[in-house]
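Novice: Numbering (this note's numbering), first residue to last: 2 to 367. Mind having a look at this structure? Questions to follow.
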Amino acid sequence: LTVIYIEDMLARNDGKLHFVRTVIPRGFSNGFRIFPTATTANGIPPATLSTDERETMANVFNLMTARDNAIESLIVAKALNTPPQLYASDTLSEGEIRVGKATDFAAAVGFSVPPEFAVPADSSDASSFAWVYIQYEADIWQFTSSSMAQVFWNDTVTGQSRIARLDVMHGDAQPLSSSWLQILSEQKFRVFTDVAMTNGAHCQFWDKEKARWSTEGMSRDDHNGCLAPPAAIGTEIAIFSDEGPSPPEIIVQFATLQPEGKAWISVVRWPRAPGLSRLLPETVMQFQSAEGSESCRRDGITITGEPQTVELNDCSLIARSNYAVLVYVASLGGYTDGTVKEAEFFTLPSNRVIKGPVVSAVTEDG
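So, in structure tokens, the structure goes:
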């Protein structure tokens with residue numbers, strides 16, 4: 002609220018008061034010239050595709066579309082409940098393509114679906130199932146700067162990294178109905194059922210919208226590969242092995258519009274907790290749901306308009322997990338009229354055991 006008092010030159014306090022309601026919009030006092038990014042030494046920053054990467058990705062999608070259209074024609078022509086067919090292709094580094102069409106998944110190799118996926122033997126193509134299981138010889142997304150393959154596809158400790166794609170549909174090549182997708186969302190499906198997972202192995206799927214590998218909804222089974230949600234159908238799924246160690250520091254970089262100001266920085270789990278569904282200046286300034294100790298946050302530090310680099314320590318992050326750095330910038334006054342942005346990143350283990358431990362001898366006296 003702004004108060005204005007007006008009177009004449011005699012200054013006899015006989016003027017008038019005017020009250021004006023003033024609304025200061027968010028982002029008024031400061032904003033971002035360069036949006037924040039956050040990463041550890043081996044961490045994964047948000048996807049940022051260059052023009053060349055986008056052109057390459059468009060070419061990959063065009064090749065995929067042509068390949069998938071050809072496979073759908075094979076599915077429609079294939080007789081129901083006949084043995085799966087194996088095809089060879091090197092269009093996108095495919096090692097092999099296995100195509101099946103049946104009333105159940107008893108003949109599936111390399112993956113499995115919930116047992117509910119079975120219909121009577123005399124069912125029509127529209128009621129039965131078809132699947133396409135593609136095993137790649139290389140990561141088809143390795144050209145993207147944000148791909149996790151850039152970090153440890155070519156440098157795995159165990160050499161276990163694998164990538165595949167599973168398409169599940171009805172026998173007439175139409176998408177699964179909502180009732181079948183609901184079953185998958187409740188129980189998930191398995192990929193790489195022939196893989197015994199090592200300690201450092203974890204599962205990802207390629208998020209087409211965000212152009213990056215994602216852990217959302219994915220989990221691992223120590224003896225039977227990866228458990229995947231419906232969102233992973235029709236896209237690439239991978240097992241990666243960690244390359245450590247990964248230092249505990251988090252490097253945050255950003256630049257503001259104003260030549261001077263203040264910044265508040267903290268780290269939270271991603272996806273954010275319900276209480277942080279709306280990013281408000283107050284939530285960042287009060288460090289709500291913030292991870293780690295005081296050295297893992299910054300409380301109103303003075304900044305300039307030049308590119309800023311801030312190192313956070315002792316954040317106590319969990320390996321193979323998603324986090325976000327929250328950055329709030331305002332003027333030197335430190336009010337709540339600035340701008341909040343977040344930057345997601347993925348953590349790797351700080352260290353791991355690749356051999357042992359081994360007990361060489363035991364004594365009776367301890």
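Just so it is clear, CB atoms sit at the ideal spot from N, CA and C, and this is done for glycine as well.
1) Quick check on DSSP: helix, strand or coil for Met219?
2) Identify every residue that forms a DSSP beta bridge with Gln86.
3) Looking at Met286: is its Cβ nearer than 8 Å to the Cβ of Trp271?
4) Three Cβ pairs or more, each shorter than 8 Å: is that satisfied between the stretch 164-184 and the stretch 117-134?
5) Touch check for the stretch 249-269 and the stretch 300-317: three-plus C-beta pairs under 8 Å?
6) Determine the extent of the beta strand (DSSP E) in which Trp170 is found, giving its start and end residues.
7) Specify the secondary structure class of Val77 as computed by DSSP and reduced to three states.
8) In whole angstroms, what is the alpha-carbon distance linking Asn82 and Ala197?
9) For the beta strand (DSSP E) that Glu261 lies in, which residues bound it at each end?
10) Nearest by alpha-carbon distance to Ile141: which of Glu8, Val169 and Thr236 is it?
11) Keeping to the same chain, check which residues put their C-beta closer than 6 Å to that of Ser128; ignore five residues upstream and five downstream.
12) Between which two residues does the alpha helix (DSSP H) holding Ile184 run?
13) Taking Pro37 as part of the alpha helix (DSSP H), name the residues at either end of that continuous run.
14) Would you kindly work out how many angstroms separate the C-alpha atoms of Pro1 and Trp214, rounded to a whole number?
15) What three-state label does DSSP hand Cys204 in the structure shown?
16) Rounded to the nearest angstrom, how far is the Cβ of Thr31 from that of Ala331, given a contact under 8 Å?
17) Which same chain residues, not among the five before or five after Leu93, have their C-beta less than 8 Å away from its C-beta?
18) Note down, in chain order, each residue of its chain lying with its Cβ closer than 7 Å to the Cβ of Asp300, except the 5 sequence neighbours on either side.
19) Would you kindly work out how many angstroms separate the C-alpha atoms of Pro46 and Gln289, rounded to a whole number?
20) Compute the Euclidean distance between the alpha carbons of Thr348 and Ile251, then round it to the nearest angstrom.
21) Kindly indicate the opening and closing residues of the alpha helix (DSSP H) around Val285.
22) Do Leu167 and Ile238 count as a contact pair if the criterion is CB distance below 8 Å?
23) Judging by CA-CA distance, which residue of Val169, Trp207, Met10 and Asn70 is the nearest neighbour of Phe190?
24) Going by beta carbon distance, what residues of the same chain come within less than 6 Å of Asn14, once the five residues before and after it are set aside?
25) Can you tell which of Leu277, Leu318, Leu281 and Glu283 has the C-alpha that lies nearest to the C-alpha of Cys297?
26) Tell me, to the nearest whole angstrom, how far the beta carbon of Thr194 is from that of Gly111; I am working on the premise that it is less than 8 Å.
27) So what's Arg55 in DSSP terms, helix, strand or just coil?
28) Please say whether Phe106 and Phe130 have beta carbons closer to each other than 8 Å?
29) Alpha carbon to alpha carbon, how far is Leu87 from Ile72?
30) Here's a check: name, in chain order, each residue in its chain whose Cβ is nearer than 6 Å to the Cβ of Ile164, leaving out the five neighbours to either side.
31) Does DSSP classify Pro275 as helix, strand or coil?
32) What residues in its chain sit with their C-beta under 7 Å from that of Ser267, if we drop five residues either side in the sequence?
33) Assuming Val77 and Ala174 form a contact by the criterion Cβ under 8 Å, report the distance between their Cβ atoms to the nearest whole angstrom.
Specialist: According to the structure data:
1) The answer is coil: DSSP assigns Met219 none of H, G, I, E or B.
2) For Gln86, the pairing in a beta bridge is given by DSSP as Val100.
3) If you check the CB distance, Met286 and Trp271 do not come in under 8 Å.
4) Below 8 Å, enough C-beta pairs join the stretch 164-184 and the stretch 117-134 to call them touching: three or more.
5) Touching, yes.
6) The amino acid at residue 170 is misidentified as Trp; the sequence shows Met. Arg163 to His171 is the extent of the beta strand (DSSP E) around Met170.
7) Val77: helix per DSSP, three-state reduction.
8) Each residue's alpha carbon lies about 30 Å from the other.
9) Note, Glu261: beta strand (DSSP E), Glu261 to Arg270.
10) Considering only alpha carbons, the answer is Thr236.
11) Counting only Cβ-Cβ distances below 6 Å, and skipping sequence neighbours, we find Val120.
12) In the DSSP annotation of this structure, the continuous segment of the alpha helix (DSSP H) that includes Ile184 starts and ends at Ser179 to Gln188.
13) Segment Phe33 to Thr40 is the beta strand (DSSP E) holding Pro37; no alpha helix (DSSP H) there.
14) This structure cannot speak to residue 1, because the chain is shown only from 2 to 367.
15) In the structure shown, Cys204 sits in a strand (DSSP, three-state: E or B).
16) A small correction: the amino acid at residue 31 is Asn; Thr does not occupy that position in the sequence shown. Taking 8 Å as the upper bound for CB-CB distance, Asn31 and Ala331 are in contact here, some 5 Å apart.
17) Excluding residues within five positions, the ones whose Cβ falls inside 8 Å are Val61, Leu64, Met65, Arg68, Tyr137 and Ile141.
18) Non-local beta-carbon contacts of Asp300 in its own chain, meaning distances under 7 Å to residues more than five positions away in sequence, involve Trp265 in chain order.
19) For Pro46, the predicted structure reports a pLDDT of 47, less than 50, and the residue's modelled location is therefore unreliable. The matter cannot be settled from this model.
20) Roughly 10 Å separates the two Cα atoms.
21) Residues Pro282 to Met286.
22) Yes; because the gap between Cβ atoms is below 8 Å, this pair is in contact.
23) That would be Val169, whose Cα lies nearest to the Cα of Phe190.
24) Taken in chain order, the list of residues that qualify is empty.
25) Ranking the options by Cα distance to Cys297, first place goes to Leu318.
26) About 6 Å separates the two Cβ atoms, so the contact holds.
27) Arg55 falls in the helix class under three-state DSSP.
28) Note that the C-beta distance between Phe130 and Phe106 is below 8 Å.
29) Answer to the nearest angstrom: the Cα atoms are 11 Å apart.
30) Taken in chain order, the residues that qualify are Tyr137, Asp140, Glu237 and Ala239.
31) Per DSSP, reduced to three states, the secondary structure at Pro275 is helical.
32) Correct list, in chain order: Val285, Phe288, Ala291, Arg298 and Leu327.
33) The pair is a contact, with the Cβ atoms about 5 Å apart (cut-off 8 Å).
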